[in-house]
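Residues in the sequence shown are numbered from 264 upward in steps of one, following this note's numbering. Built from N, CA and C at the ideal position, the CB exists for glycine as well. Take a look at the structure below.
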Amino acid sequence: MEVVMKPDEQSMSLMAAATIADVIRRKPRAVLGFATGSTPLGTYGELIRMHREEGLDFSQIVSFNLDEYVGLAPSHPQSYRRFMEDNFFNHINLRPENTNLPDGMADDIEAACRAYEAKIASFGGIDIQLLGIGANGHIAFNEPSSSLGSRTRVKTLSDKTRKDNSRFFANAAEVPRYAVTMGIGTIMEAREVVLIAGGASKADAVAAAVEGPITAMCPATALQLHPHALVIVDREAATGLRYSYPSERLKVTKD
Ligand code: GLP
264 MEVVMKPDEQ
274 SMSLMAAATI
284 ADVIRRKPRA
294 VLGFATGSTP
304 LGTYGELIRM
314 HREEGLDFSQ
324 IVSFNLDEYV
334 GLAPSHPQSY
344 RRFMEDNFFN
354 HINLRPENTN
364 LPDGMADDIE
374 AACRAYEAKI
384 ASFGGIDIQL
394 LGIGANGHIA
404 FNEPSSSLGS
414 RTRVKTLSDK
424 TRKDNSRFFA
434 NAAEVPRYAV
444 TMGIGTIMEA
454 REVVLIAGGA
464 SKADAVAAAV
474 EGPITAMCPA
484 TALQLHPHAL
494 VIVDREAATG
504 LRYSYPSERL
514 KVTKD
């Protein structure tokens, strides 16, 4: 894992956006993996700015999102599809037909999960996957105890996660009990992963994910086995780390 400590959430977001933009410039037909939650909003904001001001081009990009609530229609204000449209997709030139989220309304959800995996594979896999982290160490909706080899499937949301996510809903009872999520095995197949974490509420999860033992009880620890994982944290999210990490990525020059 390459861990980078940034002074604040803004610089964390700029680095994540620059990392994704690099992939897009190198490979205009890249397959990008996106995440929801409050944390990626700054990253999406910067990518939108790069699109508007620097011509960053998403016209050939294909995207796959990590997860979606079961039972929320794509048009539901709290669905992750709506979140992505409102906060990102509607502000860049990514073609709507090239955006993919798991289907939380499918009659046969298991078949839909298999189809999602097959679709990712049909595009050659994900080049770079953006990730947040839950306060309990979850990635996507892979809650503690999720198999580290899991694939896209339905997961029951933990009480902690439903409580954390209730801020987006009128009340806690409205938060769906289930979600369709890429598995940890699915995420691990992305060629590159970028996990971002900001704020004191993530400090324990970050410490466990980066410096703790690999365990299904903290799903983000699986990323320790990923050959190309970048973890960008702000100062507050870094407070539980025992080691200190650089504020920039390692650059090896020959002179
Ligand atoms: C949700 C999402 C995760 C996200 C997490 C943290 O549970 N499924 O992908 O990482 O929330 O969200 P936030 O960034 O709002 O703290």
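Subject >> Distance, Met-268 Cα to Ser-429 Cα >> reply: The straight-line gap from Cα to Cα measures roughly 29 Å.
Original post:
The beta strand (DSSP E) with Glu-265 in it runs from where to where?
Top reply: Where Glu-265 is concerned, the enclosing beta strand (DSSP E) stretches over 265 to 269.
Subject >> Nearest neighbour of Val-473, chosen from Ser-338, Ile-355 and Ile-396 [CA to CA] >> reply: Among Ser-338, Ile-355 and Ile-396, the Cα nearest to that of Val-473 belongs to Ile-396.
Original post:
Taking the DSSP output, what are the residues bridged to Asp-330?
Top reply: Thr-444.
Original post:
How is the alpha helix (DSSP H) around Gln-273 delimited, first residue to last?
Top reply: Under the DSSP assignment, Gln-273 falls in the alpha helix (DSSP H) whose first and last residues are 272 to 289.
Original post:
Per DSSP, Phe-297 forms a beta bridge with which residues?
Top reply: DSSP output for Phe-297 lists Asn-328 as bridge partner(s).
Original post:
Do Phe-404 and ligand 1 come close, with the Cβ less than 7 Å from some heavy atom?
Top reply: Result yes, Cβ under 7 Å from ligand 1.
**OP:** Return helix, strand or coil for Asn-405, following the three-state DSSP convention.
**Re:** Here Asn-405 sits in strand by DSSP.
Original post:
To the nearest angstrom, how far is it from the Cα of Thr-419 to the Cα of Ser-409?
Top reply: One alpha carbon belongs to Thr-419, the other to Ser-409, and they sit about 10 Å apart.
Original post:
Within the chosen definition, does the stretch 500 to 510 reach the stretch 292 to 301 through at least 3 CB pairs nearer than 8 Å?
Top reply: No, the stretch 500 to 510 is not in contact with the stretch 292 to 301.
Original post:
Is Asn-428 near ligand 1, with its Cβ less than 7 Å from a heavy atom?
Top reply: Yes, since a heavy atom of ligand 1 falls inside the 7 Å radius drawn around the Cβ of Asn-428.
**OP:** List the endpoints of the continuous beta strand (DSSP E) containing Leu-304.
**Re:** Taken as a continuous stretch (DSSP letters only), Leu-304 belongs to no beta strand (DSSP E), being part of the alpha helix (DSSP H) at 304 to 317.
Original post:
How long is the line joining the alpha carbons of Glu-348 and Leu-319, rounded to whole angstroms?
Top reply: If I take the Cα positions, the gap works out to 18 Å.
Original post:
To which residues does DSSP link Arg-416 through a beta bridge?
Top reply: Residue pairing of Arg-416 in beta bridges, as defined by DSSP: Thr-444.
**OP:** Could you check what DSSP says for Ile-372 in three-state terms: helix, strand or coil?
**Re:** DSSP places Ile-372 in helix when its eight states are reduced to three.
**OP:** Return yes when at least one heavy atom of ligand 1 lies under 7 Å from the C-beta of Leu-329, else no.
**Re:** When distances are taken from the beta-carbon of Leu-329 to the heavy atoms of ligand 1, the shortest one is below 7 Å.
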